[in-house]
Structures are given as structure tokens and as C-alpha cells.
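Asks: Our numbering runs 140 ahead of the 1-based position in the sequence shown. All C-beta atoms, glycine included, are put in the ideal place defined by N, C-alpha and C. This is the structure I want to talk about, given as C-alpha cells.
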Amino acid sequence: MTAGTKASLDEQIKRLVAHLEQEHPQLVGVVQTFRELDKVAYQLRLLDPTESYATQVSWWPVIAVLGTFSSGKSTFINNVLGRRLQTTGNQAVDDKFTVICYGSDSTPRVLPGLALDSDPRFPLYRIGNEIDAELEGESQRLDTYLQLKTSDSEELRGRIFIDSPGFDADEQRTATLRITSQIIDVSDLVLVFFDARHPEPGAMRDTLEHLVAGTLKRADFNKFLYILNQIDNAAREDNPEEVFAAWQRALAQKGLTAGRFYQIYDPASAAPIENEHLRRRFEAKRERDVNEILGRIRQLEVERSYRVAGRLEQTAEAIRELIVPRLAAARRAWKRRVLWLDAIVLGSLAALAAVLAAINGAFDDVGTLDDWFRANPLAGWIAVAGVLLAGWSVHRLLRRIAAQNVQRQIERDVALGAHAPIVARAFERNTRSWWPFLAARPVGWTRGARKRLDRVLSSAHAAIQELNDRYADPSGRGRADREKLAGTEVDAALAEARAAERASPAAERASQAAADADVDTKRGIDGDAGSGADTNADVDTGMAAPPPRGDGRRVTASRGSYR
Numbered sequence: 141m142t143a144g145t146k147a148s149l150d151e152q153i154k155r156l157v158a159h160l161e162q163e164h165p166q167l168v169g170v171v172q173t174f175r176e177l178d179k180v181a182y183q184l185r186l187l188d189p190t191e192s193y194a195t196q197v198s199w200w201p202v203i204a205v206l207g208t209f210s211s212g213k214s215t216f217i218n219n220v221l222g223r224r225l226q227t228t229g230n231q232a233v234d235d236k237f238t239v240i241c242y243g244s245d246s247t248p249r250v251l252p253g254l255a256l257d258s259d260p261r262f263p264l265y266r267i268g269n270e271i272d273a274e275l276e277g278e279s280q281r282l283d284t285y286l287q288l289k290t291s292d293s294e295e296l297r298g299r300i301f302i303d304s305p306g307f308d309a310d311e312q313r314t315a316t317l318r319i320t321s322q323i324i325d326v327s328d329l330v331l332v333f334f335d336a337r338h339p340e341p342g343a344m345r346d347t348l349e350h351l352v353a354g355t356l357k358r359a360d361f362n363k364f365l366y367i368l369n370q371i372d373n374a375a376r377e378d379n380p381e382e383v384f385a386a387w388q389r390a391l392a393q394k395g396l397t398a399g400r401f402y403q404i405y406d407p408a409s410a411a412p413i414e415n416e417h418l419r420r421r422f423e424a425k426r427e428r429d430v431n432e433i434l435g436r437i438r439q440l441e442v443e444r445s446y447r448v449a450g451r452l453e454q455t456a457e458a459i460r461e462l463i464v465p466r467l468a469a470a471r472r473a474w475k476r477r478v479l480w481l482d483a484i485v486l487g488s489l490a491a492l493a494a495v496l497a498a499i500n501g502a503f504d505d506v507g508t509l510d511d512w513f514r515a516n517p518l519a520g521w522i523a524v525a526g527v528l529l530a531g532w533s534v535h536r537l538l539r540r541i542a543a544q545n546v547q548r549q550i551e552r553d554v555a556l557g558a559h560a561p562i563v564a565r566a567f568e569r570n571t572r573s574w575w576p577f578l579a580a581r582p583v584g585w586t587r588g589a590r591k592r593l594d595r596v597l598s599s600a601h602a603a604i605q606e607l608n609d610r611y612a613d614p615s616g617r618g619r620a621d622r623e624k625l626a627g628t629e630v631d632a633a634l635a636e637a638r639a640a641e642r643a644s645p646a647a648e649r650a651s652q653a654a655a656d657a658d659v660d661t662k663r664g665i666d667g668d669a670g671s672g673a674d675t676n677a678d679v680d681t682g683m684a685a686p687p688p689r690g691d692g693r694r695v696t697a698s699r700g701s702y703r
């Protein structure tokens, strides 16, 4: 797969920022900080200009569902989503990794693997390059490994699920394991499913090896949940607890003796349990475990924000504390090897040339050689240049030999872990002839780069503190501030009410004066007309005007209508 261009990367970052501004604005600043970290990585030759750390992290919570074939993975996803989205069956049904995300259409859509490989907002971005690293040219068949599905289930809003083919049923094992490794790296929660009908180790050999033994030393080990599915089948056994115990023994053989273990089953397809007491016990256990799993899934919104900010901090710390010191140490080891090789090889060649010259009598008459050089200066300087060029060529060859030796050591360095290929690539660029051979620091590790990295770390710490302020309040000041704010709002409302009460008598008097003036005017008109009509008797006797209505208008005594 092609790596893209810098312009396409910039466009992808813009789309990512626009998407986050709508859904998770608190993470927009983290994207910009990732771009600052990219500048340091470009200087150190850790990244190509078409790469970014911002595209190496999933910006939405990812739940990976892995495990043996026919262990109920797809059924579990269908139950969580409330949709029959994934095909289910007792045999291996789907041989693709399926990324499932929200879509507004009521009809589910199936999109090709290219949709995932080319969009940095999704997990498995540029996975084609990883597949090609294992099987050259295999990325051309990307659609045989990946697909993207959409559903309008509300459970998918702000989340991404990944359903996997069963390990022990897959024939494309090498590429599958490479994809699985990347899925585990980008996932916030990994649900590892096992089939209670086959709890013996031989039935889940690959799953135990790659999803149990291979994850025990990970720093994020707590994101793995181990689930024994279809446990209802054990109800038919004389001792159903033995099925669970056999499964745990298989896990313990791979070193997993602690962690979260769950027992669930699908009620719709469960085998009938005749014993009522046993049925209630199974149902209670299932409900408790399913609720705990769903609780972890719904908690990922918070965990995802911390994961992204933590990834930024960890990457910056790794550059400063691990990668740069390792690069500097590799340069020192390389220089020592080159100097030793130069001394041995060039010294041996010089000694051999001197011996041959002595055998041929070149040193018998030094004056003759000097006279020849004076007589033929051009030929003499050409000969000197030829000797120097030959020596430089030998030196370049020795540099490459020494560099390859050190590079192999870097690639085998267990302490570097996943950083080993990146450090090896950066080291190779440190050995190019244009960089001063005797320089102590790696390429790009300048004072400006160090200051920029310090700013990135400060921003990462600030992002984590901002999340703490949002979700935690150890001192309780946040609650006090909210109560104080609420009290201030109440005081303001009371003050406004009192002001309205003070203004009300004045308005009442003004309204009364207007009404009296109206009555007097009417009385004067009636008097001029010589009318003593009974219709104004209530006014003539001095009856008070009615109280104001709810809308603030008054009823006059003379007409009985709203004004």
C-alpha cells in the first residue's frame, strides 16, 4: 500500500479535528500537541513526513472481541447492539475482521477494507503496510481480511466494535496474527471468548498462546476480560463447576492466574435447564457477569480520553528517556567499531603497501621518488588522490558493515519492545556520510527539539489534569463551587423579586391615577349632556375600581371591559 503524501496527511488531520470538534472537543488540543510531537520525530528521523503519531491512536473507544471460533463472539455483539448484524453459527462463519461503527441508515451497510486502511479515524489505519511486511503484495487482497459494517444501534454511538475470525479456524495465520496484534494495541477493551463446550487446552491452543501467554507482560493487561461463553451447556454435567475449573487450569498453564473471569450464555439459544434451583443460579451468575461487562464497555468514554492523553505522554517520554539515549549509545558503539575496523583494515593495507614497496626497492632512493614527483606534479597528485579515494571507499564500506552489525543488535533489543524497528530505522539515517562522524548526539536532537519535547510533555500533563478536574474532585471544592453558584443564582432571583415588589405599588398608583382621570373625564362628559344615567351610579356613589387582572389590565367601572 502507498504511504500517501504530506498533503493527504494534513487533510486527514483536518478531518479528524473537525470530527472531534463536534463530538469530543476536549481532545482537539491533544491532536495539536501530537502534531508538535511529530516535528520532534521528523527531526530525529523517527517518522517519515507522511506519518503522524496522531494517526497511530484510535480516537474512539474500541472494543475488540477475540477468541476461538464458534465461541459466541458474534452472538454477544448482536445482543449488545440489539441488532442481528453478525452472522452466527456452530462452525466458523466469518473469516474476516469486521469493524462495526454507527451509521444513521436503518439498513446496515458493508464497506470494503479500504475504508479502514485509508482513514486515520478508524483502527487498522494503514494496516496494509503491516500485512505487506509479513506477506509481500498481500495488501492487494485487503478485502479478504477486513470489512467495515455500520448499524444505527445507539450502543454504537461514540464506540467501535471489532469482531474477529476464530484463531484456531483461520488458514491465513500470519496476516491474521499481525492484524490481531495491531487490534490489541489500539483497543481500549479486549474481550477474549472461549467455548465452554470445549474447555480443554488442545481445542484452543492458538488462542491460549497469543491472547493469554502473549499478553501477560503488557502494561495494559487490565483491559483484557476472559469470558467462558455458552456455559449453559455445563448444566447438563453432573458437576458444572468442573467445566469452569478445567478452563481456569488451561489458562493457568499459560501463566494466567489472576484477572477477571466471566461465565455467560445467550438466553435465546440456551439449552433448557430442568433443575429450577440450578437454572436460577446460572441466570443470576450470567446477569451479574453480563452487567459487569456492559459496565466496562460504557465506562470506556472516560477511559478513552485518558488513554489518548496517556499515549501522548508515553510517546514523548519514550523519545526522551528511551529512544534518544539508545540512539546515542548506538552511535557510540558504531563509531568504536568503525575506528577499530579502520585501524585494522586500513593499517593492514598500508603495511602491505609498504612491504611491497620495500620489496620493489621504492625506499632505496627516496630522492629519486621526490624528483619524479617534482617532475610530474599532476601525475603525483592524481596518485595521491587515488590513494585517498581508495582509503575513503574502504572506510565507507567499513562504516556500512559496522552499521549493519549495530542495527541488528537494535532490532533484537528486547528493552526497546515495539520501538525497536523505529530506532533501527532512525539509526540507519544517523550513519549516512553527510552527518559528522564524530558527533556525539543523534541527528536532530538539538536544543530546539529538547525544548519542544518539554512543551509537549507539559501539554500532556495539563490534558490529564484537565480530565481529572472533569471527572474527579478529591477536595470537594467543585461541589462547594456549584453550591455557591446555585446560592448566588437564588440570591439574584430573590433580589429581583424584591425589586419587583417595590416597583409594584408605584405602578399601582400610576394605574389608579390614570383610571381616576378617565372616570373624571367621563363624568364631565355625562354632566355636560345632562345625563344622570343609572349606568354610572356606581361611580357616582364613589365605588372603588376592581383589582387588576392577571394580565395587568383593569376593568373600568363605566364600561366593564378590558383596557
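Threshold first: 4 residues or longer. Then list the alpha helix (DSSP H) segments lying entirely within the stretch 213 to 283, N to C.
Replies: Counting only runs of 4 or more residues that sit fully inside the stretch 213 to 283, the alpha helix (DSSP H) segments are 213 to 221, 254 to 257 and 267 to 274, in chain order.
Asks: If we ignore side chains and look at the alpha-carbon of each, how far apart do residue 716 and residue 538 end up?
Replies: Outside the displayed span of the chain (141 to 703) sits residue 716, for which this structure offers no information.
Asks: Throw me the rounded Cβ distance for the residue 251 and residue 268 pair, which I believe falls under 8 angstroms.
Replies: Here residue 251 refers to the residue found at position 111 when the sequence shown is read from its first residue. Here residue 268 refers to the residue found at position 128 when the sequence shown is read from its first residue. Residue 251 to residue 268, Cβ: 15 angstroms. No contact.
Asks: Is it true that the stretch 469 to 480 meets the stretch 516 to 525, where meeting means three or more beta-carbon pairs spaced less than 8 angstroms apart?
Replies: no
Asks: So who's on the other strand from residue 366, going by DSSP bridges?
Replies: The count along the sequence shown starts at 1 and reaches residue 366 at position 226. Paired residues: 332 and 401.
Asks: Let me check understanding here. Comparing Cα to Cα, which of 401, 385, 373 and 370 lies closest to residue 363?
Replies: In the sequence shown, the residue the question calls residue 363 occupies position 223. The residue with the shortest Cα to Cα distance from residue 363 is 401.
Asks: Which same chain residues, not among the five before or five after residue 261, have their C-beta less than 7 angstroms away from its C-beta?
Replies: As a working note, residue 261 is residue 121 in the sequence shown. If the five residues before and after residue 261 are omitted, its C-beta is found closer than 7 angstroms to the C-beta atoms of 156, 159 and 199, all from its own chain and listed in chain order.
Asks: Return helix, strand or coil for residue 180, following the three-state DSSP convention.
Replies: Taking the first residue of the sequence shown as 1, we reach residue 180 at position 40. Three-state DSSP puts residue 180 in a helix.
Asks: Considering just the uninterrupted stretch of the beta strand (DSSP E) at residue 613, what are its terminal residues?
Replies: One-based indexing of the sequence shown puts residue 613 at position 473. Secondary structure note for residue 613: it is in no beta strand (DSSP E), with a DSSP letter that is neither H nor E.
Asks: On a CA-only basis, which of 577, 555, 530 and 447 is nearest residue 601? Give me that one, please.
Replies: If you number the sequence shown from 1, residue 601 lands on position 461. With distances taken between Cα atoms, residue 601 lies closest to 447.
Asks: Here's a check: name, in chain order, each residue in its chain whose Cβ is nearer than 7 angstroms to the Cβ of residue 278, leaving out the five neighbours to either side.
Replies: Looking up residue 278 in the sequence shown gives position 138. Taking C-beta separations shorter than 7 angstroms and ignoring five residues to either side along the sequence, the partners of residue 278 in its chain run 271, 272 and 315, following chain order.
Asks: Since I believe residue 257 is in contact with residue 305 (beta carbons under 8 angstroms), could you give me their beta-carbon distance rounded to a whole number of angstroms?
Replies: Taking the sequence shown and counting its residues from 1, one reaches residue 305 at position 165. Taking the sequence shown and counting its residues from 1, one reaches residue 257 at position 117. Wrong, their Cβ atoms sit about 18 angstroms apart, outside the cutoff.
Asks: In chain order, what residues of the same chain have a beta carbon less than 6 angstroms from the beta carbon of residue 263, not counting five sequence neighbours either side?
Replies: Taking the sequence shown and counting its residues from 1, the one referred to as residue 263 is at position 123. Hits under 6 angstroms: 198, 202 and 326.
Asks: Check residue 115 in the structure and name its three-state DSSP category.
Replies: What is shown of the chain runs 141 to 703, which leaves residue 115 out entirely.
Asks: Quick one: using the 10 Å Cβ neighbour count with 16 as the cut-off for buried, is residue 456 buried or exposed?
Replies: Within the sequence shown, the letter at position 316 stands for residue 456. Buried is the call here.
Asks: Taking the continuous beta strand (DSSP E) assigned at residue 207, which residues delimit it?
Replies: Along the sequence shown, one-based indexing puts residue 207 at 67. Residue 207 -> beta strand (DSSP E) spans 202 to 207.
Asks: Among 445, 551 and 383, which has the Cα closest to the Cα of residue 163?
Replies: Locating residue 163 in the sequence shown gives position 23, where the first residue counts as 1. Of 445, 551 and 383, the residue nearest in Cα terms is 445.
Asks: Look up residue 302 in the DSSP assignment and give the residues it is bridged to.
Replies: Within the sequence shown, numbered from 1, the residue matching residue 302 stands at position 162. For residue 302, which the question treats as bridged, DSSP gives the partners 204 and 239.
Asks: So which of 195, 223 and 607 has the shortest CA-CA distance to residue 266?
Replies: Along the sequence shown, read from residue 1 onward, the residue named residue 266 stands at position 126. The residue with the shortest Cα to Cα distance from residue 266 is 195.
Asks: Measuring CB atoms only, is the stretch 286 to 294 touching the stretch 205 to 224, in the sense that at least three cross pairs come out at less than 8 angstroms?
Replies: Yes, they touch.
Asks: For residue 588, count the other beta carbons within 10 Å of its own beta carbon; 16 or more makes it buried, fewer makes it exposed. Which is it?
Replies: Taking the sequence shown and counting its residues from 1, one reaches residue 588 at position 448. Around the CB of residue 588, fewer than 16 other CB atoms lie within 10 Å, so the residue is classed as exposed.
Asks: Which residue comes first and which comes last in the beta strand (DSSP E) that contains residue 452?
Replies: Numbered from its first residue, the sequence shown carries residue 452 at position 312. Unbroken run through residue 452 is the alpha helix (DSSP H), 440 to 458; no beta strand (DSSP E).
Asks: Hey, could you find the ends of the alpha helix (DSSP H) residue 287 is sitting in?
Replies: Counting from 1 along the sequence shown, the entry for residue 287 is found at position 147. Taken as a continuous stretch (DSSP letters only), residue 287 belongs to no alpha helix (DSSP H), being part of the beta strand (DSSP E) at 286 to 291.
Asks: Does the stretch 385 to 399 come into contact with the stretch 407 to 418, if we say contact requires no fewer than three beta-carbon pairs (one atom in each stretch) closer than 8 angstroms?
Replies: no
Asks: Going by CA-CA distance only, name the one from 488, 301, 544 and 254 that's closest to residue 531.
Replies: Your numbering for residue 531 matches position 391 in the sequence shown. Looking at the Cα atoms, 488 is the closest of the given residues.
Asks: Rounded to whole angstroms, what's the CA-CA distance from residue 204 to residue 351? Just pull it up for me.
Replies: Residue numbering aside, residue 204 sits at position 64 when the sequence shown is read from its first letter. Residue numbering aside, residue 351 sits at position 211 when the sequence shown is read from its first letter. Cα to Cα, residue 204 sits roughly 12 angstroms from residue 351.
Asks: Tell me whether residue 191 sits in a helix, a strand or coil according to DSSP, three-state version.
Replies: One-based indexing of the sequence shown puts residue 191 at position 51. Residue state, collapsed to three classes: coil.
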